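The opening position of the sequence shown corresponds to residue 410 in my numbering, with each subsequent residue numbered one higher. A short write-up of the structure that comes next.
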Amino acid sequence: MDFFQADNKNFVSRHRTWCAILTAWAVILYAVPAWGSWQISTVGTAGDWFESVSVTAGRDGSNTLYIYATSADGYLYEYGWSGSAWVGGAIGSNQGSYLHGVSAGYGRNDGRMRVYVSSDGYPLYEYFYNGAAWQQTAAPSGPTFYFNCSLGPGRNTGVNYDYVPGQNGHVYEYAWNGSAYAAADLGNPGGAAASHVTLGDGQNDGVMRVYSSNFDNHIYEYTYSGSVWTRADVGSADDQFNSVAVGAGGSLGGTKNSVYGAYDNGRLYEFIWNGAAWTRQDMGGPGVAGQYMWDISIGAGRNDGVTRIYACSNNGHAYEYSWSGSAWNWSDLGQASVSPQ
410 MDFFQADNKN FVSRHRTWCA ILTAWAVILY AVPAWGSWQI STVGTAGDWF ESVSVTAGRD
470 GSNTLYIYAT SADGYLYEYG WSGSAWVGGA IGSNQGSYLH GVSAGYGRND GRMRVYVSSD
530 GYPLYEYFYN GAAWQQTAAP SGPTFYFNCS LGPGRNTGVN YDYVPGQNGH VYEYAWNGSA
590 YAAADLGNPG GAAASHVTLG DGQNDGVMRV YSSNFDNHIY EYTYSGSVWT RADVGSADDQ
650 FNSVAVGAGG SLGGTKNSVY GAYDNGRLYE FIWNGAAWTR QDMGGPGVAG QYMWDISIGA
710 GRNDGVTRIY ACSNNGHAYE YSWSGSAWNW SDLGQASVSP Q
């Protein structure tokens with residue numbers, strides 16, 4: 410069937426805001442129709458709640474976009490748009506453990522697209538579509554389970570690595586050596602779990618770095634010097650950070666990046682590098698006790714060319730943040746029709 414075609418494998422959808430609501434019933438799509446209100450559509454279902462979602466051309470040799478979602482039922486799910494409906498389901502075999510993050514890219518640096526999944530079962534899983542079926546490879550088991558995974562050239566050498574945050578507080582880097590994946594330890598700031606990792610040019614100096622959010626209430630930055638990794642404290646708050654993102658759309662304006670943290674008190678924070686130190690700005694949010702911000706996405710979700718920040722909460726709602734030129738404004742995009750876990 411004719412699924413939507415992307416211009417290239419690195420295409421990032423800026424036409425819709427996607428959110429994996431923590432429920433056993435649905436992956437939720439938030440779309441902006443022409444008349445200006447938000448709609449919520451069900452994409453698919455799983456045997457347990459969905460944990461993470463990615464929109465990418467995950468099948469090697471194809472520029473077709475699919476939605477990939479991990480579930481606590483142990484399966485990775487793939488959904489494609491047929492022109493009139495979402496079609497898809499579980500791919501590969503059941504991993505027998507809670508699946509967390511999902512990303513896609515050239516993890517082996519061989520020009521072939523693969524999908525990567527982190528899990529409670531300690532391994533990092535790799536999925537490859539050979540044209541007829543999905544093949545699965547497990548990286549060597551680590552000392553802890555991993556909450557998410559993020560792929561990119563974290564060493565600024567043009568070589569891709571897969572980065573994962575551990576429940577033990579460490580951040581690990583997986584590299585393909587030609588025959589197997591080998592892991593390197595980037596370090597541990599304290600002991601509390603590292604909840605999320607991402608890559609980006611957070612200092613706007615052309616250098617790619619790795620960022621982790623941690624349950625010790627801090628966000629950390631890892632920089633590779635050419636021989637060793639160094640860690641710096643980006644900033645902290647009085648409760649744990651559940652996710653971190655790097656991108657434009659913030660108070661710096663234009664294409665300059667900020668670092669964003671999803672906070673356990675139901676708010677987001679923006680961290681800005683001023684050339685000498687990190688500064689923190691409260692972006693606001695519902696701020697209701699027990700309703701924490703879960704994940705962050707950055708993009709032009711309204712199809713108007715304006716980059717905004719989007720976040721999901723464990724209350725089943727998604728939120729949109731916009732910089733007015735002088736202050737942050739946030740709005741509630743709505744709640745899924747099913748109750749979150």
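Ideal Cβ positions, reconstructed from N, Cα and C, are used throughout, including at glycine. Source: prediction; values computed, not measured.
According to DSSP, what are the bridge partners of W447?
DSSP, once it has assigned bridges, lists no residue as partnering W447.
Return yes when the Cβ of Y486 is within less than 8 Å of the Cβ of A499, no when it is not.
Yes, they are a contact pair.
Y730 to S588, Cα distance in whole Å?
In a straight line, the C-alpha of Y730 is about 44 Å away from that of S588.
For the beta strand (DSSP E) that contains R523, what are its first and last residues?
That run of the beta strand (DSSP E) goes R523 to S528.
Measuring CA to CA, which of G611, T632 and S735 is closest to I681?
It is G611.
Are there 16 or more other CB atoms within 10 angstroms of the CB of V616, so buried, or fewer, so exposed?
Looking at its Cβ environment, which holds fewer than 16 other Cβ atoms inside 10 Å, V616 is exposed.
Beta-carbon within less than 6 Å of H579's beta-carbon, same chain only, minus the 5 sequence neighbours each way: which residues are those?
Closer than 6 Å at Cβ, skipping near neighbours: D594 and N597.
Helix, strand or coil for A547 per DSSP?
DSSP places A547 in strand when its eight states are reduced to three.
Closest by CA to N565, which one among R468, D482 and G609?
It is G609 whose Cα lies nearest to the Cα of N565.
In terms of residue numbering, what span does the beta strand (DSSP E) encompassing A720 cover?
R717 to S722 is the extent of the beta strand (DSSP E) around A720.
By alpha-carbon positions, which one of A709, P552 and G670 ends up nearest to S622?
Closest option to S622, Cα to Cα, is G670.
Where DSSP assigns a beta bridge to N623, which residues make up the other side?
A603, per the DSSP bridge assignment.
To which residues of the same chain is S652 closer than 6 Å at the C-beta, ignoring the five residues directly before and after it?
These residues qualify, in order along the chain: H605, S622, A671, D704 and I705.
By Cβ distance below 7 Å, which residues in the same chain neighbour D482 in space, the five residues on each side in sequence not counted?
A455, G456 and D457, listed in sequence order.
So, with DSSP's three-state summary, where would you put R517?
Three-state result, R517: coil.
For P574, write down the residues that DSSP places opposite it in a beta bridge.
V580, per the DSSP bridge assignment.
Report yes or no: do three or more beta-carbon pairs, one from the stretch 518-529 and one from the stretch 462-477, lie closer than 8 Å?
Result yes; three or more Cβ-Cβ pairs closer than 8 Å.
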